[in-house]
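Report on one structure; see the data block that follows.
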Amino acid sequence: MRTMQDDIESIKSGNVSPKPFQFKQVPSSRTTANPFGAEGEQLSPAEQVGNPFGIVPEQFQSRPAEQLEQPKLDNGLNVLVPAGELLVNQPQNNHRKLRLIIIIMAILLLLGGGAFYFFWNNQSQEPENLPVPAAVTETPVDVPPDIIPESPFALDKPNYLSINTETVSPAEIRQILSQTAERVKGAQITTPIAFLITDQNNNPLAFSRLAFLLKLDVASEALDLIDETFTVYIYNDASNMRLGLALTLKDAQAAALALAKTEPSLPYAFRALILEPDVSVAKNTTFRSNAYNQYSIRFANIDSERGLSLDYALKDNQWYIGMSKYTLRAILDMNAK
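Last residue of the sequence shown: number 690 in the working numbering, and the count goes up by one each step with no gaps.
Below is the structure:
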C-alpha cells in the first residue's frame, strides 16, 4: 500500500510516481431541507475549494455547506445563516406591549386587593359610637333698629302754637297756620296733628278770643254756647292741607238747636280756616246729612273741584268741624280711640 510518506520520499528523490487514478467528482445530490421551507443552495464544482493534498475519494469529499435564506428582517435585509441554526428576532414593540400588559395586571390586582381589604375590614369592625358634638349656642347680636327720623310734632298729644295777641292780624294768623301746615306736609305725617293756641305768654287762648282775632262771623246764639277750651287740627288730605276744630259745648242740646237755625251761615263764618287762596264762599249754603260709623254728619260743599266743604258732627258735648269730608273723618277716628 502506498502511503503519504512514500509520496513525499518520491518527490524528494526526483522519482515521480505515475499519475494516480483519478476519481470522478460527482456533486452530491443530497440536500438538507431548509427548516423555513426554502431549498438549500448547492455550490458548483468550480466554486468548491480544492483539497491541498490532492484528490480524495468521493465518499470523503466534503459537501458544500448548505445555507438557508432567513426571512427579511424589519430593515429589509436578507440574512443567510447556516442550516440548522434559527435566528430569533422579536421586535421591541412586542416587549413593550408585554410589559404594559404586566403593569396593567399588577395595578388591577392591587386595586382588587385594596377593595377586598376595605370591604372585609368594614364588615369585621363594629360600629363605633361617635361622640355627639355639643350644641353651639350662638350669642344674639344686638342689631340696631332702623333709625326713624324724629317727627317735628307730637302725634299723641297737642302741640303748642303761639301767637302775639296784641299785634297779630287775621292775615298773620292764617300765615302762621299755613307755614305750620307745610311743615306737617314736609314731615309726611298722615294723621291729624293737634295744636293748642297760646298767647305770647304761653297762656291758652280762649275760642272767643280766636274768633275775634280771625274775625269769625259765628252767630252769637251759637258762640255763646261754646266753651273757652278748643283744639285746632292740621290734616294732610291727599297733599291738600286742611284745618279742623274740636270745640267744647256748654249745653249740647241747646247748641244742637242753635246750630239747626244758623248752620247755613257756618261755611261763610269759618271761611278764615280755608288755607287755599281765592276761594269764594257763599253767605248761605245748603246742608245735607250723611253718616260715618256711629256719627251723624251734616255737610255743605264749598268748592267741589278742590274738595272743600264744611262737615260737622256732634258727639256728647263735643262739636267737631272739618274743612273737608276726610278731615272730619280723620278727626273723629282720632278722638274715638
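Beta carbons: idealized from backbone N, C-alpha and C, even for Gly.
Euclidean distance between Cα positions of residue i and residue j
i	j	result
Glu503	Gln606	43 Å
Asn654	Thr520	34 Å
Ala540	Tyr648	30 Å
Asn670	Pro620	21 Å
Ala459	Asn447	18 Å
Ile674	Glu525	22 Å
Arg682	Ile546	14 Å
Thr533	Val632	20 Å
Asn688	Arg624	24 Å
Ile454	Ala468	21 Å
Ala644	Glu658	22 Å
Asn555	Ser522	18 Å
Arg449	Gly466	26 Å
Tyr665	Gln553	31 Å
Lys603	Arg562	17 Å
Ala613	Arg651	10 Å
Asn646	Phe548	25 Å
Thr638	Ala622	11 Å
Ser531	Pro630	11 Å
Arg452	Asn475	35 Å
Phe472	Leu461	16 Å
Leu464	Ile456	12 Å
Asn517	Gly660	32 Å
Leu576	Lys690	28 Å
Ile684	Leu508	13 Å
Beta bridge counterpart(s) of residue i as assigned by DSSP
i	result
Trp672	Leu600, Leu667
Ser662	Asn654
Ser649	Ala644
Ser515	Thr551
Short Cβ contact (8 Å threshold) for residue i with residue j
i	j	result
Leu628	Leu596	yes
Lys538	Asn589	yes
Ile542	Phe506	yes
Ser662	Ser677	yes
Thr615	Ala559	no
Thr544	Ser515	no
Given residue i as reference, the closest of the options once Cα atoms are compared
i	options	result
Phe583	Glu535, Leu663, Tyr645, Tyr513	Tyr513
Trp672	Asp686, Leu598, Thr639, Gly466	Leu598
Pro617	Phe640, Phe471, Arg651, Glu535	Phe640
Val585	Asp570, Pro557, Ala608, Leu612	Pro557
Glu574	Gly660, Ala609, Gly465	Ala609
Ile587	Ile529, Asp604, Lys636, Gly465	Ile529
Asp570	Arg536, Ile361, Leu626	Leu626
Glu535	Met594, Lys568, Trp473, Arg527	Met594
Ala635	Asn646, Leu576, Asp656	Asp656
Leu567	Arg527, Leu685, Leu602	Arg527
Ala611	Leu667, Phe548, Asn517	Leu667
Asp580	Leu463, Thr601, Ala591	Thr601
Ala591	Leu508, Leu576, Tyr679, Leu462	Tyr679
heavy atom of the ligand FMN below 7 Å from residue i C-beta
i	result
Asn593	Ligands in the displayed structure: none, and consequently the ligand FMN is not present.
Which residue spans inside the region 534-597 form an unbroken beta strand (DSSP E) run of at least 3? 546-551, 579-590
Runs of alpha helix (DSSP H) wholly within the region 603-637 (minimum 4 residues, chain order): DSSP runs (the alpha helix (DSSP H)) wholly in the region 603-637: 605-615, 619-622.
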